[in-house]
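Residues in the sequence shown are numbered consecutively from 1, following the numbering used here.
Just so it is clear, CB atoms sit at the ideal spot from N, CA and C, and this is done for glycine as well.
Read the structure below first, then the notes.
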Amino acid sequence: MPGPEMPAIDRRERLLAWALALACVLLLFVQAPHGGDFYWSDSPRHALNGVFVMDLIKAMPFDDPAGYAYRYYAQYPALTILFYPPLFYAINAPFYAVFGVSQETALLVVALHYLALGLGCWRLARYWLPAMPSLAFAALVMWLPEVAFWGRQVMLEVPAFAFLVWSAVAVMAYLRGGCVKWLYLGAALLVLGMYTKISVAYMGVVYAALIAQRDGWAILRNRHHWRVAVLAVIALLPLALLTLKFGQANVQSVTGVADAVTSRTSWQGWMWYLRQIPSQVGWPLAVLGLGGAAMAAWRRMPGLGLWWLGFAVGYLFFSSIDLKEARHSVFLLPTVVFFAILLLQELPPRLVRPALVVLVLITAGLTAWTRPVLYVQGYAQAAAEVARMAPQGSTVMFSGYRDGSFVFNMRAREDRRDLHVMRADKLLLGVAVRRELGVEQKGLTEAEIAQAINANGVHYVVMQPGFWIDLEAMQRFERVMASGQFEEVARIPTPANYKAHETELVIYRNKGQVASRRLGVDIELKIINRRISSN
């Protein structure tokens, strides 16, 4: 194993690392969806949150910022700015201001974080590995199926991952004998990572354990350790308050959710993330990673505490959360890659480089062929159609599974900022975050539904046929659309590269006595257990 100091990195290696990371990002993002073709429901919401930050800065509503946010949600009801940490959206805002509001702009910001992730992985690996294996480590992490799938969408995993990896680089510099400024930097980067995605917080426990392992009880006598801890707590207080006030659904996902795939109180719950690893990294890496971990444990290789503790603490943390999704544990996957490369290092020297190249190519091939980013088209076209037809200052109603995609595409229409979007589910139902956690039908009759549509200034309705029609309220809504008050004006196909919920969107024109759009706001937000009202 290498000595306490990281080997010197020359200019040629730095240039090679930049070239490799840039090439990987370009190749990955060529395959990313664009043109408003979002797949995952959170993705357009993350994109819209950044637009809100830009609009907020431009408006500067110092007299009533809360009222501005409520009115913004009333116009674009896919905003989740307080439900998630705000840093990614703040970074997005200036890019929107320069390049315009689009899915491509949001993906550019994600791509820059992806680039930072690749470079950070290379720098981190250099504490243990030579140049070539470190470059392979970076390329492999970037091309992991799970990382590449979520990293090419407007999601928070890769941005948080980038901060996490660079915080580890800084903390390792401190642990390897660097000055204390590296500890301050590592803590600051981890805090920024938490302001992007809270779940990276577990690494704070890992860092504390590694420092305690090095310093023993002297850790308590070092004033810098206390200063870093106090500064981190102070910096995280606003995030804690936001989470407690607006993130009840996130807290619930930890303590218990009704639709959990497996209970955290069962052995299946504690094995769940382990069983996801082969699909997350591909079988070749999974097998090699297991072999490398077994070899390292058998030989009791020193200096691998970051990898052992990082995986163990992270695994316990994510397994203890009741809501389980494979993407949550992407931060654990570099450990698998590291041990796989450690095993290949045992090959004869002349075979190491070819083996690493083959492993990178196999992993990239598996990702390209088995985990393409999913997309659903048609929503930007639907937004363009209603933007062309809707009267000035009117409301467009949307009913469908992918409301976030439609709302973002409407906001992207800078020529129709006068239009408001109203979600049919807000009128007809009360949904607790997602349908699986509970839904309340409000019991409006068909006549009352038609009257409410008129009263809210709705001239056009965009509807996904068959959306939730197992619910009586949605059946009534579809019967209203089939009544003489509405006429069909367009059918827009929604082609996708997987079996999506929908196949088309139908646009209806309201021929009834449409009132002027209401100026007040009265919306129930079950996601934060609040009802917002303003004039």
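Problem - Spatial distance of W40 from L356 (CA atoms) - result: 33 angstroms
Exercise for the section: Please classify R176: does DSSP put it in a helix, a strand, or coil? Expected result: coil
Exercise for the section: Within 10 angstroms of the Cβ of L144, are there 16 or more other Cβ atoms? Answer buried if so, exposed if not. Expected result: buried
Handout entry: Pair within 8 angstroms by beta-carbon distance, Y460 and A390
Key = yes
Problem - Beta-carbon proximity list for D215, same chain, < 8 angstroms, skipping 5 on both sides - result: N222
Problem - S405 - containing alpha helix (DSSP H), residue span - result: 403-411
Exercise for the section: Give a yes or no on whether the C-beta atoms belonging to V462 and V373 are separated by under 8 angstroms. Expected result: no
Exercise for the section: Look at the alpha carbon of G303 and the alpha carbon of A296, and state the distance between them as a whole number of angstroms. Expected result: 11 angstroms
Exercise for the section: Output yes or no for whether 8 angstroms exceeds the beta carbon distance between G50 and Y96. Expected result: yes
Exercise for the section: Look at V330 and V205 and say whether their C-beta atoms are less than 8 angstroms apart. Expected result: no
Problem - Environment of M271 [buried if 16+ CB atoms lie within 10 Å] - result: exposed
Exercise for the section: Under 8 angstroms by Cβ, that's how I've got F318 and Y273 pegged, so tell me the actual separation to the nearest angstrom. Expected result: 6 angstroms
Practice task
Check each candidate in V396, E448, M410, G430 and name the one with the smallest Cα separation from R457.
Solution key: The amino acid at residue 457 is misidentified as Arg; the sequence shows Gly. Minimum Cα distance to G457 is reached at V396.
Practice task
Measure the alpha-carbon distance for L20 versus H420 and round it to whole angstroms.
Solution key: 45 angstroms
Exercise for the section: List the endpoints of the continuous alpha helix (DSSP H) containing Q213. Expected result: 202-215
Handout entry: Spatial neighbours of G120 in its chain, beta-carbon cut-off 7 angstroms, leaving aside the 5 residues before and after
Key = A162, V165, W166, V169
Problem - As assigned by DSSP and simplified to three states, the class of E104 - result: helix
Handout entry: H46 - containing alpha helix (DSSP H), residue span
Key = 42-59
Practice task
Take A173 and list the residues in its own chain whose beta-carbon comes closer than 6 angstroms to its own, dropping the five residues that flank it on each side.
Solution key: W182
Handout entry: Rounded distance between the beta-carbons of L236 and G291, thought under 8 angstroms
Key = The Cβ separation is near 39 angstroms, so there is no contact.
Exercise for the section: Using the Cα positions of W217 and G310, report the straight-line distance between them to the nearest angstrom. Expected result: 22 angstroms
Handout entry: Spatially closest choice to N92 from L82, L48, S199, by CA coordinates
Key = L48
Exercise for the section: Work out the CA separation of Y401 and R423 for me, nearest whole Å. Expected result: 11 angstroms
Handout entry: Boundaries of the alpha helix (DSSP H) in which S320 is found, first to last residue
Key = Element bounds for S320: n/a, residue is neither H nor E.
Problem - Local conformation of V386 per DSSP, three classes - result: helix
Practice task
Specify the secondary structure class of L419 as computed by DSSP and reduced to three states.
Solution key: coil
Handout entry: Unbroken beta strand (DSSP E) run spanning A69, endpoints
Key = Per DSSP, A69 belongs to no beta strand (DSSP E); it is in the alpha helix (DSSP H), 65-75.
Handout entry: Boundaries (first-last residue) of the alpha helix (DSSP H) holding P133
Key = 131-143
Practice task
Just grab the DSSP bridge partners of F486 for me.
Solution key: N510
Problem - Residues that E440 bridges to, as DSSP identifies them - result: G430
Exercise for the section: Count the other C-beta atoms from every protein chain shown that fall within 10 angstroms of the C-beta of L241, then say buried if there are 16 or more, exposed otherwise. Expected result: exposed
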